[in-house]
Amino acid sequence: MISIIKTTMKLLFRNVVFWVFLIFTPILSTLVLRLEVENLGAYEVVGAEEIIEMDKTDEKVAYFGGKGKYVIKVYDASNTELSEYMLNSLSESGMITVVRIKTKDITKDQVEKEMHFNGYDDRMGAALYLDKDFDKAILDGDSEKAMTVYILSDDERSKILENEIKMCMGRINMAKQMGGQNDIIANLDKISENIPDKNVVLLDGKNSRNLTNVQLDQKALMGYAFAFMTLGFVFGGVLIAYTVINEQKNMVLTRVKLSQLTDSQYFAAKFICGAIVSFMITGVTSIAALSVDSEKMGMSRIGFFIMIFFLGLIFCSISLMIGILFADVMSATVAAFVVWVLSSLLSGLYFPLDSASKAIKSMSYMMPSKWFLDVTEMLMVKDSNVYFMILCITVAYLIVTLGLGSIGVKIKKNE
């Protein structure tokens, strides 16, 4: 068993591709962590009660739907104090994100032509068109001419939007009755003074973790770094699987069958090689990460090292298992690359999955990187259960990969 480990590691050290992944993927990961960026996390760029302004009517508003907000796109052809008051009222409700385009030239017909784009190619709850004669129509009681509401999703919160608009119209009518049309805004301000102040209290669930905006940015950067790190681990496992494939062709597996070494011991030897490769890549990453302030990473260096090592151990064993099962270098390489791509996409490394469908969220829990993003959050908030969680995740994945890998070795020996 020891001789197999030594032979495998010697073959790896002679492979130039191994050194490329050993050196460059940790460096690329560290360069990502060193980036000075903001607004990467899943949070609103502006304040929760501010109207988001856009310049072009064809710009997408889906990017402003962080934290599960109900996004509406407003085509404001009036641009008056009264329309400003209504949109601010909608935004201050706390659940609605208002994205506005100020355009005096656009007509209702032009807006309706864009509804196909908004409904199918963008992601929003509703669209709202404010007529250029908004003030006159509202004060005359003709709300249908003043505005048009387009419901573009089956989100039940559309009813909240409609109720908020009705309440706003009621306050405007009340202000008109108080002092005529000329003092409408002043009267609305008086009415607003009598409305109770909103006090938002966030209640943490049993497993919830509230991160600051800085920590959300750090988590996003760590996700991008994971993408490069895992690429190195995946192909490290593929290179080990390459030795298994060559040993099969050179009848080494047949000689192993004639010796006292069992299938499980043979695969265990290859797994130990994967653990050594994971440790080496993690070590190089940790050394390169010394150039990054630990406060910028948002966690301790020991926690970072442990997290990366166990993440690498999982990916290395998965790609080793894939290589053994495929028994072909090209097929194993393609399959491992596909696994890496799908894992990165479905884990939320590139973009958050807060607004994804239930099916995608369910698939994401099958991906190791998704769990280690949760571990990243736990390390940032100094959760005492983080290391137990890392251990449980690693053991769960290794049971599957080691079991399937041992079966694969036994099948290949019998072929």
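When we follow this note's numbering, the leftmost residue of the sequence shown carries the number -5, and every step to the right adds one. Glycine is no exception: its CB is placed at the ideal position from the N, C-alpha and C atoms. Keep in mind the model is a prediction, meaning the values are calculated, not measured.
Segments of 4+ residues assigned as alpha helix (DSSP H) that fall wholly inside the segment 117 to 185: Fully enclosed alpha helix (DSSP H) runs of 4 or longer: 128 to 133, 137 to 140, 152 to 173.
Proximal residues to Ala42 (C-beta, below 6 Å), its chain only, five neighbours per side dropped: Counted from its first residue, the sequence shown places residue 42 at position 48. Low local confidence applies: a pLDDT of 47 at Ala42 is under 50, so the model's placement there is unreliable, with the coordinate-based value given in what follows. Closer than 6 Å at Cβ, skipping near neighbours: no residue.
Within 8 Å, strictly: CB atoms of Leu319 and Lys264: Within the sequence shown, numbered from 1, the residue matching residue 319 stands at position 325. Within the sequence shown, numbered from 1, the residue matching residue 264 stands at position 270. No, they are not a contact pair.
For Met361, the three-state DSSP class (helix, strand or coil): On the sequence shown, residue 361 is found 367 positions in, with the first residue counted as 1. It is coil, neither helix nor strand.
Where the alpha helix (DSSP H) through Glu411 begins and ends: With the chain covering -5 to 409 only, the question about residue 411 has no answer from this structure.
DSSP three-state assignment for Arg8, whether helix, strand or coil: Within the sequence shown, numbered from 1, the residue matching residue 8 stands at position 14. Looking at Arg8 - three-state DSSP - the assignment turns out to be coil, as it is neither helix nor strand.
Where Ala326 falls, given that 16 or more other Cβ within 10 Å makes a residue buried: Translated into positions along the sequence shown, residue 326 becomes position 332. Ala326 should be labelled buried.
For Glu371 and Met3, the rounded distance between their alpha carbons: Here residue 3 corresponds to residue number 9 of the sequence shown, with the count starting at 1. Here residue 371 corresponds to residue number 377 of the sequence shown, with the count starting at 1. Met3 and Glu371: Cα-Cα distance of roughly 35 Å.
Sheet register partners of Val65 (DSSP bridge): Within the sequence shown, residue 65 is the residue found at index 71, counting from 1. When beta bridges are read from the DSSP output, Val65 appears opposite Thr91.
Whether Asp410 touches Ser72 by CB criterion (8 Å): Not covered by the structure: residue 410. The range shown for the chain is -5 to 409.
Cross-strand partners of Asp70 (DSSP beta bridge): Position 76 of the sequence shown, counted from the first residue, corresponds to residue 70. Under DSSP, Asp70 takes part in a beta bridge, and its partners are Lys96, Leu124.
Ile(-4) burial status per 10 Å Cβ neighbour count (16 or more: buried): The residue given as residue -4 occupies position 2 in the sequence shown. Exposed is the label assigned to Ile(-4), since fewer than 16 other Cβ atoms lie within 10 Å of its Cβ.
Alpha-carbon spacing of Ile17 relative to Met360, whole angstroms: On the sequence shown, position 23 is the one that residue 17 refers to. On the sequence shown, position 366 is the one that residue 360 refers to. A direct Cα-Cα distance of roughly 29 Å separates Ile17 from Met360.
Own chain residues within Cβ distance below 7 Å of Gly199, not counting five before or after: By one-based count along the sequence shown, residue 199 stands at place 205. Legend: pLDDT at Gly199 = 44, less than 50; position of this residue unreliable, no value from coordinates given.
Val52 - DSSP class collapsed to helix/strand/coil: The residue given as residue 52 occupies position 58 in the sequence shown. For the record, residue 52 in the displayed sequence is Asp; it is not Val. It is coil, neither helix nor strand.
Counted within 10 angstroms of its Cβ, other Cβ atoms place Ser351 as buried (16 or more) or exposed: Taking the first residue of the sequence shown as 1, we reach residue 351 at position 357. Label assigned to Ser351: exposed.
Short Cβ contact (8 Å threshold) for Gly230 with Val271: Residue mapping note: residue 230 aligns to position 236 of the sequence shown, counting from 1. Residue mapping note: residue 271 aligns to position 277 of the sequence shown, counting from 1. At the C-beta level, Gly230 and Val271 come within 8 Å of one another.
Inter-stretch contact at 8 Å, needing at least 3 Cβ pairs: the segment 303 to 310 / the segment 373 to 380: Taking a contact to require three or more Cβ pairs closer than 8 Å, the segment 303 to 310 and the segment 373 to 380 do not qualify as touching.
Spatial distance of Leu260 from Gly277 (CA atoms): Counted from its first residue, the sequence shown places residue 260 at position 266. Counted from its first residue, the sequence shown places residue 277 at position 283. Per the sequence shown, the amino acid found at residue 260 is Tyr instead of Leu. C-alpha separation (whole angstroms): 26 Å.
Simplified DSSP state of Asn201, which is helix, strand or coil: If you number the sequence shown from 1, residue 201 lands on position 207. At Asn201, the pLDDT of 48 sits below 50, so the modelled position is not reliable; the number obtained from the coordinates is stated separately. Asn201: coil per DSSP, three-state reduction.
C-beta contact flag for Ile45 and Asn82 at 8 Å: Taking the sequence shown and counting its residues from 1, the one referred to as residue 45 is at position 51. Taking the sequence shown and counting its residues from 1, the one referred to as residue 82 is at position 88. Taking 8 Å as the Cβ cut-off, Ile45 and Asn82 qualify as a contacting pair.
Contacts around Met415, its chain only, beta-carbon distance under 7 Å, and the 5 residues preceding and following it disregarded: The structure shown does not extend to residue 415, since the chain is modelled only from -5 to 409, so the question has no answer here.
Trp365 versus Ile266: straight-line alpha-carbon distance, rounded: Stepping through the sequence shown from its first residue, residue 365 is reached at position 371. Stepping through the sequence shown from its first residue, residue 266 is reached at position 272. Straight through space, the alpha carbons of Ile266 and Trp365 are spaced by roughly 23 Å.
Option in Met80, Lys96, Leu340 with minimal Cα separation from Lys160: As a first step, residue 160 must be located in the sequence shown, where it is residue number 166. Between Lys160 and the set Met80, Lys96, Leu340, the nearest pair of CA atoms involves Met80.
Pairwise C-alpha distance: Met291 and Thr91: Residue 91 sits at position 97 when you count from the first residue of the sequence shown. Residue 291 sits at position 297 when you count from the first residue of the sequence shown. It is roughly 31 Å from the alpha-carbon of Thr91 to the alpha-carbon of Met291.
Cβ neighbour criterion (16 or more within 10 Å) applied to Cys386: Position 392 of the sequence shown, counted from the first residue, corresponds to residue 386. With fewer than 16 neighbouring CB atoms inside 10 Å of its own CB, Cys386 falls in the exposed class.
Pairwise C-alpha distance: Thr388 and Ser338: For this step, residue 338 is matched to residue 344 along the sequence shown. For this step, residue 388 is matched to residue 394 along the sequence shown. Linking Ser338 to Thr388 through their CA atoms gives a straight-line distance of about 18 Å.
Under the three-state DSSP convention, the category Thr24 falls into: Looking up residue 24 in the sequence shown gives position 30. If DSSP states are grouped into helix, strand and coil, Thr24 belongs with the helices.
CA-to-CA distance, Met89 to Lys153, given in whole angstroms: In the sequence shown, the residue the question calls residue 153 occupies position 159. In the sequence shown, the residue the question calls residue 89 occupies position 95. Cα to Cα, the separation comes out at about 12 Å.
Extent of the continuous alpha helix (DSSP H) to which Glu75 belongs: Within the sequence shown, the letter at position 81 stands for residue 75. Glu75 -> alpha helix (DSSP H) spans 75 to 85.
For Phe309, three-class secondary structure by DSSP: One-based indexing of the sequence shown puts residue 309 at position 315. Shown here, Phe309 sits in a helix according to DSSP, grouped into three states.
Three-state class that DSSP yields for Lys376 in the structure shown: Taking the first residue of the sequence shown as position 1, residue 376 is located at position 382. Looking at Lys376 - three-state DSSP - the assignment turns out to be coil, as it is neither helix nor strand.
Rounded Cβ spacing between Ala410 and Leu343 (contact assumed at less than 8 Å): With the chain covering only -5 through 409, there is no way to say anything about residue 410.
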